[in-house]
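First comes the structure, then the notes that go with it.
Protein chains: 2
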Amino acid sequence: MSHAPLIHALVVTQFAKMLANLGAFLDEAEKFAAEKKVDMAVLLQARLAPDQFSLMQQIRTACDTAKLGAARLAGRDADAPVHADTEQTLAEIRARLDSVVAYLKGFAPDAFAGAAERRITQPRWAGKTLSGQEFLVEHVLPNFYFHVTTAYAILRHNGVGLGKKTYLGDLPYRAAA
Amino acid sequence: MSHAPLIHALVVTQFAKMLANLGAFLDEAEKFAAEKKVDMAVLLQARLAPDQFSLMQQIRTACDTAKLGAARLAGRDADAPVHADTEQTLAEIRARLDSVVAYLKGFAPDAFAGAAERRITQPRWAGKTLSGQEFLVEHVLPNFYFHVTTAYAILRHNGVGLGKKTYLGDLPYRAAA
Numbered sequence: 128m129s130h131a132p133l134i135h136a137l138v139v140t141q142f143a144k145m146l147a148n149l150g151a152f153l154d155e156a157e158k159f160a161a162e163k164k165v166d167m168a169v170l171l172q173a174r175l176a177p178d179q180f181s182l183m184q185q186i187r188t189a190c191d192t193a194k195l196g197a198a199r200l201a202g203r204d205a206d207a208p209v210h211a212d213t214e215q216t217l218a219e220i221r222a223r224l225d226s227v228v229a230y231l232k233g234f235a236p237d238a239f240a241g242a243a244e245r246r247i248t249q250p251r252w253a254g255k256t257l258s259g260q261e262f263l264v265e266h267v268l269p270n271f272y273f274h275v276t277t278a279y280a281i282l283r284h285n286g287v288g289l290g291k292k293t294y295l296g297d298l299p300y301r302a303a304a
Numbered sequence: 128m129s130h131a132p133l134i135h136a137l138v139v140t141q142f143a144k145m146l147a148n149l150g151a152f153l154d155e156a157e158k159f160a161a162e163k164k165v166d167m168a169v170l171l172q173a174r175l176a177p178d179q180f181s182l183m184q185q186i187r188t189a190c191d192t193a194k195l196g197a198a199r200l201a202g203r204d205a206d207a208p209v210h211a212d213t214e215q216t217l218a219e220i221r222a223r224l225d226s227v228v229a230y231l232k233g234f235a236p237d238a239f240a241g242a243a244e245r246r247i248t249q250p251r252w253a254g255k256t257l258s259g260q261e262f263l264v265e266h267v268l269p270n271f272y273f274h275v276t277t278a279y280a281i282l283r284h285n286g287v288g289l290g291k292k293t294y295l296g297d298l299p300y301r302a303a304a
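Going down the list, the sequences are from chains A and B.
Using the working numbering, read the first sequence as starting at 128 and increasing by one per residue.
Using the working numbering, read the second sequence as starting at 128 and increasing by one per residue.
In structure tokens:
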């Protein structure tokens, strides 16, 4: 058995789940904005520090980390959908989340055969490479969860009522025998 | 090949690295506190929302998620070190980080043979179980990065100068051939 099935679970199934959870954060934010009579754009532009990304940019970056993480691990960089980072509204950022979830669902487990050993690069690395396993473990996973968690933190700090269940989503518990 | 080597990389090598990075956040926080003449305890008790964990509790929980994640995946719950959640000072929480890093380093890759298929439970699940793979992918990883990232967010929000490099740590780039 190669690591392909576990890599698929980590970057396809689980990232699609977390992007759906991020959509659920936005549902709660939308309810909060309606109740408090604040413009949703205020929340989408909120940030925790002046030199940190806004909520909107955190979501864009979570999307790109998932999309390009899966694409690069599978050696399929060229077919990842392009997003122009021009979203301004809730509807636009939800469309991006949906687009990335749909893209992820196009990867079968065997797309990641040999992914752990593949040499991976990206434009800003100036030709340097990581192994697929290093890229997955030390780059894609910590970055992806960084942006999802920071989106959560921005909303919690602004008073939106999110809990750990919304962050983690449902877990496939099996009842005791 | 079983998934044991990849699981080891995810929860031993990488979690130990991230806990060291969390130590580096604290180094920066300590410098910041000295410069601004604020008591370090103010930062350790800071939180982003009144009903969210403080920085201190985020670090404790990151430690426990790493420690118990590795222990349960390896079927060795009984030998995880116990921490009483009584840390108040920087020295005490650094000692906890060091203790968990040392504990993690005691796991060899083959400790995770069969881990993906093992049925895992914990006290609050009332006897219900997840497979090892579900526990790793849907519980341990998102929770661990949640607490490390929230610690980072609390410090950034308070003005401590952290960057993505401190969060990710060094990456093992290989130069282009």
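Ideal Cβ positions, reconstructed from N, Cα and C, are used throughout, including at glycine.
- For B/T256, the secondary structure class from DSSP, reduced to helix, strand or coil, is strand.
- Taking all protein chains shown into account, A/L298 has fewer than 16 neighbouring C-beta atoms within 10 Å of its C-beta and is therefore exposed.
- Scanning its chain for C-beta atoms nearer than 6 Å, with the 5 sequence neighbours on each side dropped, one finds around B/H210 the residues R223, in chain order.
- For B/V264, the chain A residues whose C-beta falls within less than 7 Å of its own C-beta are A136, L137 and Q141, listed in chain order.
- Secondary structure of B/R221 (DSSP, three-state): helix.
- If you draw a 10 Å sphere on the C-beta of A/A147, you find fewer than 16 other C-beta atoms in it, and that means exposed.
- Taking C-beta atoms as the reference points, B/L217 and B/L153 count as a pair closer than 8 Å.
- Proximity to B/R246 across A/E155, A/Y300, A/R221 and A/L170 peaks at A/Y300, based on C-alpha coordinates.
- Under the Cβ criterion (8 Å, minimum of three pairs), the stretch 185-204 of chain A counts as touching the stretch 266-276 of chain A.
- Residue B/H284 holds the alpha-carbon nearest to the alpha-carbon of A/A176 among B/I134, B/H284 and B/P250.
- In the displayed model, B/R187 falls within a helix according to three-state DSSP.
- By the neighbour-count criterion, in which a residue is buried when 16 or more other Cβ atoms sit within 10 angstroms of its Cβ, A/A193 is buried.
- Look at the beta carbons and you see the stretch 159-175 of chain A not touching the stretch 233-250 of chain A: under three pairs across the two are nearer than 8 Å.
- With respect to B/H135, A/L133 sits apart: the two C-beta atoms are not nearer than 8 Å.
- Around the Cβ of B/V227, a 10 Å sphere holds 16 or more other Cβ atoms; the residue is buried.
- The beta-carbon separation of A/A151 and A/L231, rounded to 17 Å, does not stay under the 8 Å limit for a contact.
- In the DSSP assignment, A/E155 falls within the alpha helix (DSSP H) that extends over Q141 to K163.
- In the displayed model, A/R245 falls within coil according to three-state DSSP, outside both helix and strand.
- Secondary structure of B/R203 (DSSP, three-state): coil.
- Think of a sphere of 8 Å around the beta carbon of B/G150: no beta carbon from chain A falls inside it, the nearest being about 16 Å out.
- Contact between B/T277 and B/Q185 holds: CB atoms are separated by about 5 Å, below the 8 Å threshold.
- A distance of 8 Å or more separates the beta carbons of B/M183 and B/L195.
- Less than 8 Å separates the beta-carbon of A/E214 from that of A/R187.
- Within the stretch 153-179 of chain B, contact with chain A at the beta-carbon level (separation under 7 Å) is assigned to L175, A176 and Q179.
- Relative to the Cα of A/D206, the nearest Cα in the group A/A229, A/A156, A/E157 and A/V275 belongs to A/A229.
- Distance check between A/D178 and each of B/V138, B/V287 and B/T256 places B/V287 closest, using alpha-carbon atoms only.
- Listed along chain B, no residue sits closer than 7 Å to A/P236 by beta-carbon distance, the nearest being about 12 Å off.
- With 16 or more other Cβ atoms from the protein chains shown falling within 10 Å of its own Cβ, B/A156 counts as buried.
- One Cα belongs to B/L282, the other to B/D191, and the distance between them is close to 20 Å.
- If you check the CB distance, A/K255 and B/A243 do not come in under 8 Å.
- Across the structure, A/W252 and B/R251 are spaced so that their CA atoms are roughly 44 Å apart.
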